[in-house]
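Working notes, structure below.
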Amino acid sequence: MFEINVNGIKHEIDIEADTPLLWVLREQLKLTGTKFGCGIASCGACSILVDNRVTRACVTPISSAAGKSITTIEGLSGSRYHPIQQAWIENQVPQCGYCQSGQIINTLALLTENPEPSNADIDRAMQGIICRCGTYGRIRKAIHRASELMMHETQES
Amino acid sequence: MSIKLSRRTFLTLSLSATGLYIGAKLLGTKGLSYPLIDAKTFHANAWIRIDKNNNITFIIDKSEMGQGVQTSLAMLLAEELEVDLETVRTEFAPAAPIYANRLFQVQVTGGSTSIESSYDNLRTVAAATRILLIQAAAKQWHVPVAECYAKQAQIFHDVSQQSLYYSDLLSQVTQESPEIAVTLKPSSEHKIIGKSKARLDIPAKVDGSALFGIDIMLDKMLTATIKHPPVFGSELLNFDDSAARSIRGVQDIFSIPSGVVVVADGYWQAKKAADLLRIQWLQGNTEINSASIQRSWFGHSKGDANSVESRGDAETILDATSNKLTAVYELPYQAHATMEPMNCTVHLQPERCDVWVGTQGQGPSHEVVVALTGLAHEQVHIHTTYLGGGFGRRGEVDFVAEAVQIAQQIDVPVKLIWSREEDMQHDFYRPASYHVISGSFQDASLQAWKHRIVGPSIMQRVAPGFVPAVMPQWLPTGLKSFAAWVTGGVISMINDPTLIEGAKELPYKTDNLEVELSHYDPGIPVGFWRSVGHSSNAFVVESFIDEMAHQAQQDPYLFRQHLLRDHPRHLGVLNLAAEKAGWGSELPPGEGRGIAVHHSFNSYVAQVAEVRVIDNGRLSVNRVVCAIDCGTVINPDTVIAQVEGAIAFGLTAAIKSAISIKDGHIEQSNFHDFPLLRIDEMPSVEVYLVESKQPPTGVGEPAVPVIAAAVANAIFAASNKRIRRLPIRTEDLRK
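From first to last, the protein sequence lines are chains A and B. Sequence positions in the first sequence follow this note's numbering and run 1 to 157. Sequence positions in the second sequence follow this note's numbering and run 158 to 892.
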């Protein structure tokens with residue numbers, strides 16, 4: 001039995017210790033926004049935050065996340081009004097959309113650490129998340145826009 | 158290809174508990190006739206549904222795989238129905254004959270035809286609906302029809318200051334005569350078409366709520382995964398599942414014709430168990446290797462071939478000339494590598510089968526389920542989800558067939574998920590091909606051009622009648638008409654159009670042209686990969702014309718311009734791209750600019766790429782300027798996004814990935830050895846749309862084929878290295 005906190009809610013999960021968090025989230029908790037792409041931490045579609053650090057859920061066994069706090073795409077805002085989501089909509093980023101949860105979660109981690117990233121910073125931070133549709137140009141624009149929106153928010157509060 | 162529509166339309170209407178269903182029988186469609194609405198056989202027979210609260214739902218009969226079709230088809234309907242796009246709901250269509258792609262006559266999303274095949278049809282349906290509602294209102298108010306108009310889902314009569322919601326008129330509409338004449342709005346009156354509209358699917362794609370096939374969760378559902386034989390053509394001898402069965406959560410292990418299946422409570426358990434299976438295969442051909450394929454290519458490039466385009470006497474002229482240029486080009490197999498691995502969910506019951514799948518082929522999927530279950534078409538329900546990438550892979554139904562075969566062995570709903578490794582190694586690959594090409598340029602004209610293509614045929618697998626012996630018995634009948642569309646009506650063993658498209662119709666002016674084809678199939682499954690034959694042939698043609706320009710010591714842009722003088726739309730995009738890129742302006746040392754232009758899917762695309770080549774062989778593609786002429790544009794921002802994405806897709810194949818074969822199996826298995834373009838490798842892309850009143854043409858594919866040549870030509874400009882094989886390798890760039 002493993003206790004994890006997902007998007008602020010505690011869950012007790014009875015499953016084999018080596019089960020990757022990805023499948024716990026998707027199949028046990030029905031949080032399907034986190035995607036399966038490769039199973040070897042190579043594409044980033046399964047990115048989540050574990051204690052605020054970007055983690056590839058497809059290779060992270062639940063045993064290593066016991067007692068920790070997990071944020072998935074579903075926990076980002078509860079609406080679509082998080083600045084990153086707004087910037088994504090404004091720039092019409094997604095095409096097929098399959099990788100975008102991973103892109104957004106990685107953006108959240110990037111902007112938390114580096115509120116005003118350069119293009120080079122973005123390339124470094126986002127290099128691990130594949131988008132087969134090729135939305136990279138729009139991702140760059142949307143990250144700059146989200147950065148603006150978030151700094152604006154910080155100033156207001 | 159276009160189908161002329163009569164503006165006269167028969168509408169059949171029926172009022173059901175949930176509102177008005179409107180379908181259309183379009184007349185004068187050259188042998189196409191839509192079945193009249195029959196509420197007993199289809200749950201939603203058409204494209205528009207209006208409920209009693211005036212909620213308007215559009216049925217989208219193409220698959221949304223990122224190309225924005227959910228929005229652009231809704232735009233076509235909203236424009237003529239006079240409703241705000243932002244207020245409509247959309248649903249994906251079930252499988253039904255009325256939703257057949259009008260160009261293929263089978264329900265398939267592909268070939269960059271969604272807009273081209275829907276543009277007149279959907280606008281006509283919506284306009285007819287609007288007219289009927291206006292007529293009904295006029296009748297109720299006893300006023301002339303001409304004084305009434307539709308706006309924002311209401312009918313207005315200004316003189317009497319009356320208005321009615323569409324929903325208020327539903328019962329009256331059904332009493333009207335079904336025959337009406339429809340006139341479509343001129344483009345000058347378009348309020349929605351031609352304006353960039355926010356895509357309807359995007360909000361759900363930023364919060365994780367968009368439902369893909371892999372996200373389907375049903376009560377009591379189990380999850381399956383499959384192990385296919387690594388070597389193509391192998392047969393199962395036996396398997397030992399004792400270790401696999403010890404995994405907690407495993408429910409069953411059995412074989413189906415294509416492999417061994419593990420069914421478990423969840424994917425992880427199934428995958429873990431599958432990896433413990435000890436399977437013995439009766440191996441297929443283990444002698445196939447990339448190197449042996451290359452040797453065979455060489456042989457076929459010398460032997461007999463079929464002439465697919467011949468005028469003048471290219472052979473004699475090339476033999477006689479002293480300034481003939483000849484080159485050999487090679488392209489590898491390519492995987493689709495959609496981010497969402499193949500998957501399909503099936504709930505099979507005695508009298509009913511429900512299938513949830515991200516598919517580009519509802520028609521073929523429907524047929525395969527009917528054939529495997531023996532159920533009637535009406536008992537099989539295909540539910541289309543969002544597609545996590547398609548690129549042609551999801552037009553295949555292999556994984557749908559497997560999911561049904563698995564469901565037939567267990568009593569509960571089942572979701573089949575392929576691992577990434579299975580997805581990579583059991584694709585239908587873009588054919589590898591080998592090209593020998595010669596030309597001569599003299600006295601300001603292209604004297605002769607000869608191009609021989611060696612490669613495996615897609616249509617031999619897809620089209621019944623090609624080689625019936627190897628066709629699965631469930632091959633969808635609809636594919637026959639699809640094949641006929643691809644082949645221009647003549648299904649021929651000899652000249653597969655998917656191998657010669659983009660080479661056969663050379664736009665450069667010459668009196669002596671010879672294009673030849675030699676089929677060579679080493680047995681690796683091949684299929685439709687975004688832009689199909691164009692993806693290879695444009696690279697070859699556009700690189701070689703560049704070689705000829707340099708040999709003639711002419712500017713590659715002006716050289717093309719001169720030889721394309723009879724092709725205004727080619728010239729339109731060529732000139733626009735060159736101008737916007739600042740063709741001819743200085744670049745820093747080590748950088749170069751390359752240009753390419755190509756016509757495919759009835760659209761025209763030119764690109765200028767700027768690259769930097771470093772002596773040790775490092776390449777960066779810095780900037781791509783692209784011009785596209787795709788006729789009338791429905792949603793400009795979507796066209797721009799598709800072009801950006803197409804450039805990334807083509808660039809991946811140009812500089813990153815390839816599929817190779819070793820001992821009969823695919824060597825690559827995941828993204829570590831089949832690398833895809835990453836954000837740090839993405840050039841800045843500028844897209845320019847040519848304004849046009851021509852009918853709309855393809856958008857999703859036409860920008861793919863151009864980029865490899867534009868980049869290769871830029872590399873030559875930067876470094877004097879001529880790239881003749883893809884993907885571009887470091888050793889080909891090193892000084």
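Virtual Cβ for every residue (Gly too), placed ideally from N, Cα, C. What you are looking at is a predicted structure, and each value in this text was computed from that prediction instead of being measured.
For residue i, count neighbouring C-beta atoms within 10 Å of its own C-beta (all shown protein chains included) and say buried if the count is 16 or more, exposed if not.
i	result
residue 694 of chain B	buried
residue 309 of chain B	exposed
residue 20 of chain A	buried
residue 191 of chain B	Low confidence applies here, because residue 191 of chain B scores a pLDDT of 31, under 50, leaving its location unreliable; read the following figure in that light. Buried, since its Cβ has 16 or more Cβ neighbours within 10 Å.
residue 112 of chain A	exposed
residue 384 of chain B	buried
residue 840 of chain B	buried
residue 299 of chain B	exposed
residue 767 of chain B	buried
residue 81 of chain A	exposed
residue 722 of chain B	exposed
residue 581 of chain B	buried
residue 302 of chain B	exposed
residue 6 of chain A	buried
Using a Cβ-Cβ cut-off of 8 Å, state whether residue i counts as contacting chain B.
i	result
residue 2 of chain A	no
residue 66 of chain A	no
residue 123 of chain A	yes
residue 110 of chain A	no
residue 40 of chain A	yes
residue 73 of chain A	yes
residue 132 of chain A	yes
residue 45 of chain A	yes
residue 27 of chain A	yes
Please report how far the alpha carbon of residue i lies from the alpha carbon of residue j, in whole angstroms.
i	j	result
residue 592 of chain B	residue 673 of chain B	10 Å
residue 307 of chain B	residue 796 of chain B	29 Å
residue 808 of chain B	residue 779 of chain B	12 Å
residue 421 of chain B	residue 568 of chain B	13 Å
residue 596 of chain B	residue 670 of chain B	9 Å
residue 437 of chain B	residue 86 of chain A	53 Å
residue 358 of chain B	residue 765 of chain B	32 Å
residue 153 of chain A	residue 415 of chain B	55 Å
residue 704 of chain B	residue 848 of chain B	31 Å
residue 757 of chain B	residue 727 of chain B	11 Å
residue 706 of chain B	residue 481 of chain B	13 Å
residue 258 of chain B	residue 542 of chain B	18 Å
residue 115 of chain A	residue 140 of chain A	14 Å
With 8 Å set as the bound, which would you pick, yes or no: does the beta-carbon of residue i sit closer than that to a beta-carbon of chain A?
i	result
residue 867 of chain B	no
residue 827 of chain B	yes
residue 806 of chain B	yes
residue 489 of chain B	no
residue 746 of chain B	no
residue 360 of chain B	yes
residue 919 of chain B	Look at the range of chain B in this structure, 158 to 892, and you will see that residue 919 of chain B is not part of it.
Spatial neighbours of residue i within its chain, please: C-beta separation below 7 Å, excluding the five flanking residues on both sides.
i	result
residue 901 of chain B	Here chain B covers residues 158 to 892 and nothing more, so residue 901 of chain B does not appear.
residue 354 of chain B	228, 232, 242, 792
residue 625 of chain B	For residue 625 of chain B, the predicted model reports a pLDDT of 35, less than 50, meaning its position is unreliable; a value from the coordinates is still stated below. So no residue of the chain qualifies.
residue 347 of chain B	236
residue 529 of chain B	558, 561, 562, 631
residue 429 of chain B	404
residue 677 of chain B	453, 454, 457, 611, 612, 613
Within its chain, find whatever has a CB closer than 6 Å to the CB of residue i; leave out the 5 residues flanking it on each side and keep chain order.
i	result
residue 653 of chain B	614, 616
residue 815 of chain B	489, 884
residue 267 of chain B	517, 552
residue 361 of chain B	367
residue 788 of chain B	849, 851, 852, 853, 854
Review point. Which runs of the beta strand (DSSP E), 3 residues or longer, sit entirely within the region 284-363 of chain B?
Key: 305-308, 311-314, 319-322, 336-338
For this session: Scan the region 545-604 of chain B and note each continuous beta strand (DSSP E) run of 3 residues or more that stays entirely inside, going in chain order.
Result: 571-574, 590-599
Length at least 3, wholly inside the region 712-795 of chain B: the beta strand (DSSP E) runs in chain order:
748-757, 760-770, 776-786
| Mind pulling the alpha helix (DSSP H) runs of 4 or more residues that sit fully within the region 491-538 of chain B? | 519-530
ask   = In chain order, which alpha helix (DSSP H) runs of at least 4 residues are fully inside the region 69-116 of chain A?
value = 83-90, 100-113
Open item on the list: At 3 residues or longer, what runs of the beta strand (DSSP E) sit wholly inside the region 668-715 of chain B?
Closed with: 670-676
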